[in-house]
Amino acid sequence: PGGEASAEAPAQAVVWRNVVLMSLLHLGAVYALSIVPRARLLTLLWMYLYFLMTILGVTAGAHRLWSHRSYKAKLPLRIFLAMANSMAFQNDIYEWSRDHRVHHKYSETNADPHNALRGFFFSHIGWLLVRKHPDVIEKGKKVDVSDLLDDPVVRFQRKYYKLSVVLMCFVVPALVPWYVWGESLWNAYFLASILRYAVSLNAIWLVNSVAHMYGKRPYDKTINPRENAFIAVGTIGEGYHNYHHTFPFDYSASELGLKFNLTTWFIDCMFWLGLVTDRKRVPKEVVQARKEKTGDGSG
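Below is the structure:
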């Protein structure tokens, strides 16, 4: 809605700073793979744990909590998710959520920040290497995001975002292995900071690219997003994308509950601890009726 689906777009100015930085990051990640055999097992385990927290900062935080308001979180959990979101370094919660709301409202149009109709490269990383399409900027100004700045945690993270990214994305993940168990600072930095960051970026980007191109559409065959179990595993639950775009307010982002969905498991655990309330879920009969009406028959 709100725009015509289009794979055509006027040329957008290349942001060469982003091209250089992303190239250096991925070169650093490739180098980091070569030093994995020399790293301590604890360092590799720490890298994976930090990766999971990083992804949760996007999936449970910026996505399901702040973008879609699919559940409510108490202050201690919101603080943790904001810190985890800074580990991800994918824009602050306010900007990420604003762009994501635009993505849902104007999906696969020129107002969609990562319009998948423009191809794999653009929807995966290319959209970050060029200036935003004018339609993205225009529609972004019209999307209601007033609720985001009502949250003091979002305001605080936005105010101190650059500092929080330096600390949470690069300094802390490298210092812990070096200080606590004596890993070399070189190994710790390239593995827990650089490689972990690059992998987490690409994991989330795969939702924008692959999950909009490959897979089944059991809930709504008229939209582009697909169900992709591979993406669900890599993003701890974000690969059930046809379901999510059909029912974006469902806190589980899937009909399948906990299957390949660590984010839902995390939110459920926080509920049991009393830190989460008001988890929104689509009734099964509503899901089934929608599948029968608009699905592709695969579900």
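Just so you know, we're using UniProt numbering here: the sequence shown kicks off at 1 and counts up by one.
Where a beta carbon is used, it is the ideal one built from N, C-alpha and C, also for glycine.
Note that this is a predicted model, so its numbers are computed, not measured.
Residue range of the alpha helix (DSSP H) that includes residue i
i    : result
W66  : Where W66 is concerned, there is no enclosing alpha helix (DSSP H), given that its DSSP letter is neither H nor E.
R38  : Unbroken run through R38: none, as it is neither H nor E.
R101 : 93-105
E292 : 284-294
G140 : 134-142
F120 : 120-124
K159 : 152-159
N115 : Note, N115: premise wrong, no alpha helix (DSSP H); not H, not E.
P76  : 75-88
G234 : 229-234
L149 : 146-149
Counted within 10 angstroms of its Cβ, other Cβ atoms place residue i as buried (16 or more) or exposed
i    : result
P76  : exposed
D220 : buried
P1   : Note on P1: pLDDT 44, under 50, position unreliable in the model; the coordinate value appears next. Exposed is the call here.
G297 : exposed
K142 : exposed
F121 : exposed
A11  : exposed
S146 : exposed
E238 : buried
Proximity below 8 Å, CB of residue i to CB of residue j
i           : j    : result
P218        : A192 : no
Y106        : D99  : no
residue 351 : H241 : Shown here, the chain extends from 1 to 299; a query on residue 351 therefore has no answer.
S123        : S184 : no
R281        : S254 : no
A197        : C169 : At residue 197 the sequence reads Tyr, which differs from the Ala that was named. Against a cut-off of 8 Å, the Cβ pair of C169 and Y197 comes out as a contact.
I231        : V207 : yes
L262        : I236 : yes
V153        : R226 : no
Neighbour flag for residue i against chain C, beta carbons, 8 Å
i    : result
M270 : The question asks about chain C, but that chain is absent: this structure has only one protein chain.
What are the start and end residues of each continuous alpha helix (DSSP H) run of 4 or more residues lying completely inside the region 240-276, in chain order? 241-246, 262-272
Whole runs of the alpha helix (DSSP H) within the region 163-213, excluding any shorter than 4 residues: 172-181, 185-188, 196-208
Does the region 125-136 touch the region 55-67, meaning 3 or more C-beta pairs lie closer than 8 Å? no
Kindly confirm or deny that the region 37-45 and the region 56-73 touch, where touching means at least three C-beta pairs closer than 8 Å. no
Closer than 8 Å is the cut-off here; do at least three beta carbon pairs connect the region 80-99 with the region 281-289? no
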